[in-house]
Amino acid sequence: MLVFEFKAKGKTTQYLAIDEAIRTAQFVRNKCIRYWMDNQGVGQKDLYRHNTALRAEFPFVKNLNSHACQTAVERAYSSIARFYSNCKKQIPGKKGYPRFKKNYRSVEYKTSGWKLSETRKQITFTDKKGIGKLKLKGTWDLNFYQLAQIKRVRLVRRADGYYVQFLVNAENKVESQPTGKAIGLDVGLKEFYTDSNGYQEPNPRFYREGEKRLRFLQRRVSRTEIGSTNRKKAINRLGRFHLKISRQREEHAKRVARCVIQSNDLVAYVDAPAACRRLDLRIRNLVKNHCLAKSINDAGWYQFRKWLEYFGVKCGKITIAVNPAYSSQECSSCGTVVKKSLSTRTHICRCGCILDRDWNAAINILKIALSTAGHVGTWILNPNASGDLASTVLGASLFQQAGSMKEESLSL
């Protein structure tokens with residue numbers, strides 16, 4: 399599934415109508431969550447029936463396209479199913495009990511409720527919310543795809559405006575020449591990553607660089623009167639700068655991942671969630687560690703892994719996620735365990751091996767990947783036998799290999 403995003407251009411009244419559609423989708427989702435809380439054993443079909451009752455009871459819900467309401471129900475049930483799955487798997491800590499949404503930012507249509515113009519540069523929403531015709535600003539060309547291939551259309555609100563996303567059912571493969579190279583990567587905080595060849599990618603630290611400006615914008619928000627127009631403007635400026643930092647981080651991860659995948663036939667990398675467990679952290683609970691939380695968030699490990707897997711599928715390369723347990727403790731030369739704290743950045747072994755801590759870990763990660771990837775000798779003799787057979791499912795071990803997964807929101 400490919401996603402093509404365009405900037406939506408319209409009038410102020412149309413933007414207000416989009417906000418109303420987003421609030422309606424939030425209302426339907428929260429009502430479904432409340433219905434599930436109050437009624438034991440409720441399934442997805444029961445939530446669909448409850449949505450029908452909501453459309454009959456509230457006129458503003460009926461004004462929203464029926465497929466958009468169904469999508470809100472599916473989002474509610476997705477959080478419920480995830481909660482049940484976490485309980486069944488006995489995941490330690492919080493299980494992700496479904497919560498009510500306060501600030502919804504998108505509404506999703508299926509195959510009805512919208513119509514593209516002949517030039518594919520304009521889209522008209524035909525439900526009774528009054529959104530109407532929006533101009534699409536962007537470089538993507540939708541004329542390469544049939545209308546039947548567009549499975550979903552999203553309206554997304556961000557700090558810098560409104561966007562329209564098209565989810566297209568199409569393959570995205572690129573033929574690439576085999577390089578005969580394999581590489582191991584170890585992510586870190588000092589350097590963005592260190593590979594098994596000793597190269598260290600600098601960590602740009604976009605958030606750290608922008609902290610001075612963020613503090614200034616936050617003070618501007620604090621000095622304005624609550625509920626005033628100036629406060630809304632100050633909040634919007636702050637949100638725009640946060641959005642800029644997140645985009646910088648995402649683009650950096652995308653660029654680096656593309657270069658790594660194009661230069662190698664096999665890429666072994668650290669399982670980012672496992673790396674956080676090694677530090678007694680979780681990505682979703684980073685704020686509990688005030689020493690490393692900001693740095694780990696700023697590094698963007700998850701984005702890097704996400705794009706590695708995406709480009710691995712796109713270019714037909716092998717990507718393997720490795721649990722980093724003891725990878726920095728074991729000597730890459732003799733296998734001896736040399737215990738060291740996080741502050742010790744150099745690996746020194748009695749066999750005479752002296753390496754940077756992350757370099758040593760990257761070599762061990764590559765060795766683990768090669769030892770568990772199957773017929774490695776066949777791959778070395780025939781690089782064309784790579785394909786997309788081995789990107790490990792997020793959070794799974796190497797013994798639970800699965801076909802490469804493509805996330806719905808990726809495009810290129």
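Going by the numbering used here, the first residue of the sequence shown is number 399, and it counts up by one from there.
Heads up, the beta-carbon is just placed ideally off N, CA and C, and yes, glycines get one too.
Counting only runs that start and end inside the segment 438–503, the alpha helix (DSSP H) elements of at least 4 residues fall at 442–455, 457–460 and 464–487. The beta carbons of K652 and G536 sit no closer together than 9 Å. Nearest to G578 by alpha-carbon distance, out of L636, H640 and V665, is V665. Our two residues, W538 and E403, have alpha carbons roughly 8 Å apart in a direct line. In the structure shown, the three-state DSSP call for V654 is helix. Between the alpha carbons of A474 and G733 lies a distance of about 49 Å. Cβ-Cβ separation between A767 and D663: approximately 12 Å, too far for a contact (criterion under 8 Å). DSSP places T744 inside the beta strand (DSSP E), whose first and last residues are T744 to I746. By the neighbour-count definition (other C-beta atoms within 10 Å, threshold 16), D558 is an exposed residue. In this structure, L565 keeps its C-beta atom at 9 Å or more from the C-beta atom of V505. Going by C-alpha positions, T469 is about 45 Å away from N762. Under DSSP, the beta-bridge partners assigned to F523 are W512 and G530. For R613, the enclosing alpha helix (DSSP H) covers residues E609 to S620.
In this structure, the straight-line span from the alpha carbon of K527 to that of I416 is close to 8 Å. Here V736 really is in contact with H745; their C-beta atoms are around 6 Å apart, less than 8 Å. A residue is called buried when at least 16 other Cβ atoms come within 10 angstroms of its Cβ; C467 meets this threshold and is buried.
Across the structure, Q616 and I633 are spaced so that their CA atoms are roughly 8 Å apart. When only Cα atoms are considered, Y708 and L583 end up about 16 Å apart.
Assignment of beta-bridge partners to D593 by DSSP yields L583. Nearest C-alpha to G596 among L764, Y433 and D754: D754. Under the 8 Å Cβ criterion, the segment 622–637 does not count as touching the segment 538–552, having fewer than three qualifying pairs.
Three or more beta-carbon pairs separated by less than 8 Å link the segment 501–520 to the segment 409–423, which places the two stretches in contact.
Between H640 and P602, the beta carbon gap of about 16 Å keeps them out of contact (Cβ cut-off 8 Å). Beta-bridge annotation (DSSP): D754 is paired with T744. Secondary structure at L690: coil, using DSSP grouped into helix, strand and coil.
Counting along the chain, no beta strand (DSSP E) covers V572, and no H or E run does either. Closest in C-alpha terms to F702, from the list V658, K692 and S739, comes V658. With the rule of 3 Cβ pairs closer than 8 Å, the segment 694–701 does not count as touching the segment 709–717. E623 counts as exposed, since fewer than 16 other C-beta atoms from the protein chains shown sit within 10 angstroms of its C-beta. In the structure shown, the three-state DSSP call for I718 is strand. Counting the other Cβ atoms within 10 Å of the Cβ of F590 gives 16 or more, which makes it buried.
The three-state secondary structure of A759, taken from DSSP, is helix.
One alpha carbon belongs to R618, the other to R638, and they sit about 14 Å apart.
Between L532 and G408, the C-beta gap is smaller than 9 Å, which places the two residues in contact.
Residues of the same chain with a CB within less than 6 Å of the CB of N541, apart from the 5 flanking positions on each side, are R518 in chain order. Here N484 is near K493, since their CB atoms are less than 9 Å apart.
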